[in-house]
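One structure below.
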Amino acid sequence: MKHLSLIAILVSLLPLQLPAQDEVVLAPMEILNDLNGDWRTYSGDYSGRRYSRLTQINKETVKNLTLAWTSEMNFNVRRGNNPFGAAGNIVTQLGGEGRGDIDIRGGSIKGSILEVNGILYVTSPDHTWALDARDGSEIWHYHWETRGGTHIGSRGSAIWNDSLFFETPDNYLVSVNIHTGAENWHVEISSFELQYFSTMAPVVIGDRVIVGTGNDLDQPGFTQAFDAASGELLWKLYSVPMREGDPGLETWPNLDAASHGGGNAWVPGVYDPETDLYIFGTGNPTPAYTGVSRPGDNLFTCSLIAVNVTSGKMEWYFQTSPHDTHDWDSAQTPILIDGIIDGEPRKLVSTASRNGFFFTVDRVTGEHIVTRQYSATANWSSRIRESGSPEPDPAKEAIIPGALVSPVEGGVANWQPPAYNPDTGLFYTQENNGYNMLYLTDPDPRGSMGLGGKLRSDIGSVESAFQAIDYRTGEAVWRHEWPGGGGVAAGVLTTATGLVFTGDGRNNMVAFDGSNGDLLWHTRIGNMTNPPQTFMVDDRQYLLVAVGERLFSFVMY
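The opening position of the sequence shown corresponds to residue 474 in this note's numbering, with each subsequent residue numbered one higher.
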């Protein structure tokens, strides 16, 4: 059901004082431009590279970075008649389908923060803010009154003209005015009763808003496109077969297993304007920890999928984990690369999968080019198939006495985005190595939350590292081992000056020389909870990151 907010109508008549640059709105196709001053979408631009052309902060000047401002997000719901009060007294815009009696503190800022025309757009479950990028001061605050659900995080938002879009944990896509925070409309995107939850940052392509959802039970995954102006559903693509005769059904024992088979898309993908293809990753099949009830490769779970944005038709797929039994989603944001293979220019897409393997495929056709293990300890695959997909080793599936499996359930990498620098030709990602014991408790997913098994994750974390990978071969060009072991969950940013920013998992944000791995700078701010990003406002380059509920913004002094 779609809803037009009366508040939106009333608030649009009120005067609003914003920074002068906010008079300009973001036209949809501006996202196609090279990433210079603004950070316009989840990865900055459509490519997923997280590569900025800004150069004020470089290898020589990075040592001069200093804190410009820090701001703790205000989750308090401030009620009143004037949403634009004095500083510190801004009334909260309200929306939602709940009764207002549920308050689930979403906590950490986990998503990419958009910056357009000097304004930051920040999301957390049930909350969205606009801040002045110069000092972090609040401009408006929107609160979604929830029905409940899984409040695991929000990966960010998307902009179309003067509308901002985000998902809610209880499965709504919401559109608000970027100047006021007043709601335009909201529409339900998946069933709350079937235990779906929504965390993905939407992706706007033209006048379409692409969304996905998550689910840990035995429900089918899907990706949808909505009209940005009205919220009308334009198409819906399931990640698993839903009818007799659907492609991929031959990789499941029957339609019932397939149509309850998972494959949720809960992380944003990338877009190639030359082919009009949106390329994204899908999650694990269900039940997650046992394949007894679902023999076969279980298409199109744990796959890269390319869908035509106009028609909603799947054009190609590549499966990274056939018959996954370890909860290793392939939902990580892939990266578009214009590269050279065997001396010929190719349009490519690469991904460092949660399962410990790095892949490069042709992004026009889906043709396999590279598969290489980038984890030092991954032991679940016995060989590489002719198709390029790793072959699962049956000995590493859940058994009653337990199977020792690497990587851990969280993966060698997870949702935290990697980066690619076209100047160095290197793909930058975290590498977390460790072991689980995986136990088969009951092949029936009922009683074990749809997982079909149990695991012990405290067997041991061998090491964690940061890698620079050659996309042409999958080999590490350099590797920095983090001290002390333990996993590192930090996204990556790279720039035209050859810098690479990430976190070390020990309360530091660090900067590497992207060509050789030399550590150039660090600052102790706490463990990063979102990926770093950069933008330019008033001729100053800012470096921004979140730690929990607080933002840290750095500039040159």
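Quick reminder that beta carbons are idealized off the backbone N, C-alpha and C, glycines included. Every value quoted in this text rests on a predicted model; they were computed, and no experiment measured them.
* Return the CA-CA distance between residue 1022 and residue 581, expressed in angstroms with no decimal places. => So the two alpha carbons sit approximately 5 Å from each other.
* According to the Cβ coordinates, are residue 1019 and residue 1002 closer than 7 Å? -> For residue 1019 and residue 1002, yes; Cβs fall inside 7 Å.
* What's the gap between the Cα of residue 1014 and the Cα of residue 896? -> Cα to Cα, the separation comes out at about 20 Å.
* **Simplified DSSP state of residue 782, which is helix, strand or coil** => In the structure shown, the three-state DSSP call for residue 782 is coil.
* Check residue 536 in the structure and name its three-state DSSP category. => Reduced to three states, the DSSP call for residue 536 is helix.
* To do: Per DSSP, which residues does residue 1007 bridge with? Please list them.
  => When beta bridges are read from the DSSP output, residue 1007 appears opposite 1016.
* Asked: According to DSSP, is residue 514 helix, strand or coil?
  -> In the three-state DSSP reduction, residue 514 falls in the coil class, being neither helix nor strand.
* To do: Go to residue 605, then tell me how far its beta strand (DSSP E) extends in each direction, as first and last residue.
  => Element bounds for residue 605: 600-605.
* To do: Buried or exposed for residue 957, please, with buried defined as at least 16 other CB atoms from any protein chain shown within 10 angstroms of its CB.
  => Counting every other CB atom within 10 Å of its CB across the protein chains shown gives residue 957 a total below 16, marking it as exposed.
* Asked: Bridge partners of residue 739, per DSSP?
  -> Checking the DSSP bridge columns, you'll see residue 739 has no partner listed.
* **Neighbourhood of residue 596 by C-beta distance below 7 Å, restricted to the same chain and skipping five residues each side** => Closer than 7 Å at the Cβ level, and outside the excluded window around residue 596, lie 584, 627, 629, 630, 639.
* In the structure shown, what three-state DSSP assignment does residue 648 receive? -> Residue state, collapsed to three classes: strand.
* Asked: Where residue 570 and residue 1008 are concerned, what is the direct C-alpha to C-alpha distance, given to the nearest angstrom?
  -> Roughly 35 Å between the two C-alpha positions.
* Could you tell me if residue 667 is buried or exposed, where buried requires 16 or more neighbouring beta carbons within 10 angstroms of its beta carbon? => Under this definition residue 667 is an exposed residue.
* Asked: In terms of residues, what are the limits of the beta strand (DSSP E) holding residue 1032?
  -> Any property of residue 1032 remains undetermined from this structure, which presents the chain solely from 474 to 1030.
* Endpoints, the alpha helix (DSSP H) within which residue 729 is located -> First-last of the alpha helix (DSSP H) with residue 729: 728-732.
* What does a CB cutoff of less than 7 Å around residue 764 pick up in its chain, not counting 5 residues either side in sequence? -> Excluding residues up to 5 positions away in sequence, 796, 798, 870 lie with their Cβ nearer than 7 Å to the Cβ of residue 764 in the same chain.
* Asked: Would residue 544 pass as a contact of residue 609 if the rule is Cβ separation under 7 Å?
  -> With a cutoff of 7 Å on beta-carbon distance, residue 544 and residue 609 are scored as near each other.
* Asked: Looking at the structure shown, is residue 867 part of a helix, part of a strand, or coil, going by DSSP?
  -> Assignment of residue 867 by DSSP, reduced to helix, strand and coil, places it in the helix class.
* Cβ pair residue 756, residue 737 closer than 7 Å -> Pairing residue 756 with residue 737 gives a Cβ-Cβ distance under 7 Å.
* Does the distance from the CB of residue 970 to the CB of residue 528 come in under 7 Å? -> Yes, the Cβ-Cβ distance between residue 970 and residue 528 is below 7 Å.
* Per the contact definition of three or more C-beta pairs closer than 8 Å, is the region 861-876 in contact with the region 885-904? -> Cβ pair count under 8 Å is below three, so no.
* Whole-angstrom C-beta distance between residue 663 and residue 651, which should lie under 8 Å -> For residue 651 against residue 663, the beta-carbon gap comes to about 25 Å, at or over 8 Å, which does not count as contact.
* Does DSSP classify residue 724 as helix, strand or coil? -> Assignment of residue 724 by DSSP, reduced to helix, strand and coil, places it in the helix class.
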